[in-house]
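Chemist: Starting off with a structure, shown below.
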Amino acid sequence: MTFKYVDKPEVFIGLGDEETPCDLCHQQKPCFDAAAFFGEEEMAWICPDCLANGRLYERDSYTCQGDVMELKRQLKALNPALTKADIEDLADQKTLELEKTTPHLITWQDWEWPCADGDYARFIGYGSRPFYQHLAGGSDAESFFKKSIDYAQNEAPNPDELWEDVPKKSINNYADSSEYSTLFYVFKSLHSDRIITLWDSA
């Protein structure tokens, strides 16, 4: 199961416990829960194939909200020769792809999907001290974590306090994540090794 902006969604998001009819193709199969999608059109279930193949482009429904303002800023910085209209078109294309073909990441609060290097970043797992140690590649895990905190969340609360809440055990799947009242969502750039962390609490 491959999605551009989410790694291993069957592990980190999960499919329904039983096969259900997809709201789009109406086939009975393992589906993602679509009840929390955004937009005017309510849905209950969507199968991975319909989501990956862009069937949501036909509906007033989307799975997340991209940080389009930051995306436009990055695209302009990376492509100074492009016109404002070109930047707008490119940002809209990337945002639609994110919001219409990405599995819905289950979070406590609603926040905007982060960007890196002129594109939306890929969700790669839930933050934990062992995970940050792995990502740091021999560097100090705490310092690596603090540098990864998303620009929009830098001011609150103190990164030192946040580190205290980072789980000491690995979070290997969505079931494990439900054991914590504060979660850290780790994203990786599609174009570099940059890591971005967003967090929220129940």
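According to the numbering used here, the residues represented by the sequence shown are 688 to 889, in order.
C-beta atoms are modelled at their ideal positions from N, C-alpha and C, and glycine is treated no differently.
Rounded to whole angstroms, what's the CA-CA distance from PRO717 to PHE690? Just pull it up for me.
Modeler: 16 Å
Chemist: Just to confirm before moving on: does the CB-CB distance between PHE893 and PHE874 stay below 8 Å?
Modeler: With the chain covering 688 to 889 only, the question about residue 893 has no answer from this structure.
Chemist: Just list the alpha helix (DSSP H) runs in the stretch 699-739, keeping only unbroken ones of 4 residues or longer that don't cross its boundaries, in chain order.
Modeler: Qualifying alpha helix (DSSP H) stretches, in chain order: 735-739.
Chemist: Short of 7 Å in beta carbon distance, which residues of its chain neighbour LYS787, apart from the five on each side in sequence? Order them along the chain.
Modeler: GLY741, LEU743, TYR744 and TYR749
Chemist: Cα separation between ASP754 and LYS695?
Modeler: Going by the C-alpha atoms only, they are around 22 Å apart.
Chemist: Counting Cβ pairs closer than 8 Å, one from the stretch 777-795 and one from the stretch 751-767, do we hit at least three?
Modeler: yes
Chemist: Kindly indicate the opening and closing residues of the alpha helix (DSSP H) around ARG816.
Modeler: In the DSSP annotation of this structure, the continuous segment of the alpha helix (DSSP H) that includes ARG816 starts and ends at 816-823.
Chemist: Here's a check: name, in chain order, each residue in its chain whose Cβ is nearer than 8 Å to the Cβ of ASP804, leaving out the five neighbours to either side.
Modeler: GLN761, LEU765, SER876, LEU877, HIS878, SER879 and ARG881
Chemist: Give the straight-line distance between the Cα atoms of GLY703 and PRO801, rounded to the nearest whole angstrom.
Modeler: 27 Å
Chemist: Classify ALA862: buried if its beta carbon has 16 or more other beta carbons within 10 angstroms, exposed otherwise.
Modeler: Of the other Cβ atoms in all chains shown, fewer than 16 fall within 10 Å of the Cβ of ALA862; this residue is therefore exposed.
Chemist: So, using beta-carbon positions, are ILE793 and ILE733 closer together than 8 Å?
Modeler: No. Outside cutoff.
Chemist: Strictly by DSSP, which residues pair up with PHE871?
Modeler: TRP886
Chemist: Buried or exposed, going by whether 16 or more other CB atoms sit within 10 Å of the CB of HIS791?
Modeler: buried
Chemist: Look up ARG881 in the DSSP assignment and say whether it is helix, strand or coil.
Modeler: coil
Chemist: Please look up how many angstroms separate the CB atoms of GLN752 and PHE719, rounded, as I've assumed it's under 8 Å.
Modeler: Their Cβ separation, rounded to whole angstroms, is 17 Å, which puts GLN752 and PHE719 out of contact at 8 Å.
Chemist: Just curious, the alpha helix (DSSP H) that ILE774 is in, first and last residue?
Modeler: Unbroken alpha helix (DSSP H) run through ILE774: 771-788.
Chemist: Looking only at C-alpha atoms, which of ASP887, PRO767, GLU799 and GLY825 sits nearest to TYR813?
Modeler: ASP887
Chemist: In this structure, how does DSSP classify TYR749 when only helix, strand and coil are distinguished?
Modeler: strand
Chemist: Note down the Cα distance separating TYR872 from CYS737, rounded to an integer number of angstroms.
Modeler: 25 Å
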